[in-house]
Amino acid sequence: MLSVDSLRFGYGDDSPVLTDVTFSAGAGEVMAIVGRNGAGKSTLLRLLNGLLQPASGRVIVNGNATARTPVHLLAREIGTVFQAPEQQIFAPKVAEEIAFGPRRLGLRGAALKARVADVLLRVGLADVADRHPLDLDAAALRFVALGSVLAMRPPIMLLDEPQRGLDAASLARLESIVAEEAAGGRALLIVCHDMEFVARRASRVLALAGGRVAADLPTQEFFTDPALMAAAGVEAPDPLVLAQLLGLAPQLTATALAQAWIAQRAEVAGA
Ligand SMILES: Nc1ncnc2c1ncn2[C@@H]1O[C@H](COP(=O)(O)OP(=O)(O)OP(=O)(O)O)[C@@H](O)[C@H]1O
Ligand SMILES: [Mg+2]
Numbered sequence: 442m443l444s445v446d447s448l449r450f451g452y453g454d455d456s457p458v459l460t461d462v463t464f465s466a467g468a469g470e471v472m473a474i475v476g477r478n479g480a481g482k483s484t485l486l487r488l489l490n491g492l493l494q495p496a497s498g499r500v501i502v503n504g505n506a507t508a509r510t511p512v513h514l515l516a517r518e519i520g521t522v523f524q525a526p527e528q529q530i531f532a533p534k535v536a537e538e539i540a541f542g543p544r545r546l547g548l549r550g551a552a553l554k555a556r557v558a559d560v561l562l563r564v565g566l567a568d569v570a571d572r573h574p575l576d577l578d579a580a581a582l583r584f585v586a587l588g589s590v591l592a593m594r595p596p597i598m599l600l601d602e603p604q605r606g607l608d609a610a611s612l613a614r615l616e617s618i619v620a621e622e623a624a625g626g627r628a629l630l631i632v633c634h635d636m637e638f639v640a641r642r643a644s645r646v647l648a649l650a651g652g653r654v655a656a657d658l659p660t661q662e663f664f665t666d667p668a669l670m671a672a673a674g675v676e677a678p679d680p681l682v683l684a685q686l687l688g689l690a691p692q693l694t695a696t697a698l699a700q701a702w703i704a705q706r707a708e709v710a711g712a
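Numbers in this note's numbering are just positions in the sequence shown, counted from 1, shifted up by 441.
This is the structure:
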């Protein structure tokens, strides 16, 4: 669905931000993009959605080369929630912001209304549909941006630190949406500094370090390799650390850890 080949990019004459970046993502995949501040994660997203063009290498989005496809056409294939969502919102009402994308896709009348109503419910903004987006708090604003992308139903979604600043209920809502979209066959690429979130929700991890791909692995394999985690500047999530301390096989979530612990206790009791 998304294929990135030998990408190289720099903002100026300085050393390149990204060098020889190659990876691909398929339908139903949730790929976390991790790495230190300044590693080039947000830059990579802008190269994927065509807002930036690489110095060399290529990006193919659902069969379309970003070098040859106008950004507004790419937007049908790949939707982005930016790190600073206030910069992508321009409509004076939440519902209008969410209706903008599907209207451009040709949806009208009852179909458009139904699409917007469905998205408003999913992102938890039905009560503020008529409010100005910029009057909402930062978390709600991020859901407006997410809703505007969901409403277009693009096959690929890019989310830049979508979990930042969310309270527990909002985080649970975000995680449900991520899981539903992946189950629906979308490819999601999520830039994230929260490794617990990554462990719970990502199927793969792409780690950037020194402008290169330091790791491209299934989540559990990444989190059981201390050298790779150190290279990417991230720490193992708690369930993995606890599983190791308890002498259990690696566990990515608190629930899985508890189940493994209970199973081990039952084995000990039965022995
Ligand atoms: N518009 C720009 N012009 C010049 N340099 C930039 C620009 N945007 C980013 N950079 C530089 O490119 C590098 C990568 O930045 P980028 O924002 O992609 O990192 P990031 O991995 O998203 O970091 P963070 O985790 O802090 O969001 C950094 O050194 C940054 O200073
Ligand atoms: Mg960033």
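From the three backbone atoms N, C-alpha and C, an ideal C-beta is built for every residue, glycine too.
Opening and closing residue of the alpha helix (DSSP H) in which residue 474 lies: Along the sequence shown, read from residue 1 onward, the residue named residue 474 stands at position 33. Counting along the chain, residue 474 falls outside any alpha helix (DSSP H), though it belongs to the beta strand (DSSP E) covering 471-475.
Whole beta strand (DSSP E) elements within the region 664-700, 3-residue minimum: none
For residue 549, three-class secondary structure by DSSP: The residue labelled residue 549 in the question sits at position 108 within the sequence shown. Coil.
Residue 639: first and last residue of the uninterrupted alpha helix (DSSP H) it sits in: Walking along the sequence shown from the start, residue 639 turns up at place 198. It spans 636-642 - the alpha helix (DSSP H) in which residue 639 sits, taken as one unbroken run.
Residue range of the beta strand (DSSP E) that includes residue 480: As a first step, residue 480 must be located in the sequence shown, where it is residue number 39. No beta strand (DSSP E) contains residue 480, which DSSP labels as neither H nor E.
Beta-carbon proximity check, residue 657 vs residue 632, cutoff 9 Å: Walking along the sequence shown from the start, residue 657 turns up at place 216. Walking along the sequence shown from the start, residue 632 turns up at place 191. Against a cut-off of 9 Å, the Cβ pair of residue 632 and residue 657 comes out as no contact.
Reference residue 454; option with closest CA among 483, 469, 496: As a position in the sequence shown, residue 454 is number 13, starting the count at 1. Nearest option by C-alpha distance: 496.
Cβ distance (whole Å) where residue 722 is taken to contact residue 448 below 8 Å: Coverage of the chain is limited to positions 442 through 712, which leaves residue 722 absent and any answer about it impossible.
Heavy atom of ligand 1 within 8 Å of residue 485 beta-carbon: As a first step, residue 485 must be located in the sequence shown, where it is residue number 44. Under cutoff, so the answer is yes.
Collapsed DSSP secondary structure at residue 588 in the structure displayed: Reading the sequence shown from its first residue, position 147 is the one you call residue 588. Residue 588: helix per DSSP, three-state reduction.
Helix, strand or coil at residue 510 according to DSSP, with G and I counted as helix: Along the sequence shown, read from residue 1 onward, the residue named residue 510 stands at position 69. Residue 510: coil per DSSP, three-state reduction.
Backbone secondary structure at residue 564 - three-state DSSP: Numbered from 1 along the sequence shown, position 123 holds the residue referred to as residue 564. Here residue 564 sits in coil by DSSP.
Cβ pair residue 696, residue 640 closer than 9 Å: Position 255 of the sequence shown, counting from 1, holds the residue named residue 696. Position 199 of the sequence shown, counting from 1, holds the residue named residue 640. No, the pair does not count as a contact, with Cβ atoms beyond the cut-off.
Assigned secondary structure, residue 458 (DSSP; H/G/I helix, E/B strand, else coil): As a working mapping, residue 458 is identified with position 17 in the sequence shown. Here residue 458 sits in coil by DSSP.
Pair within 9 Å by beta-carbon distance, residue 522 and residue 619: Mapped onto the sequence shown, residue 522 falls at position 81. Mapped onto the sequence shown, residue 619 falls at position 178. No. Outside cutoff.
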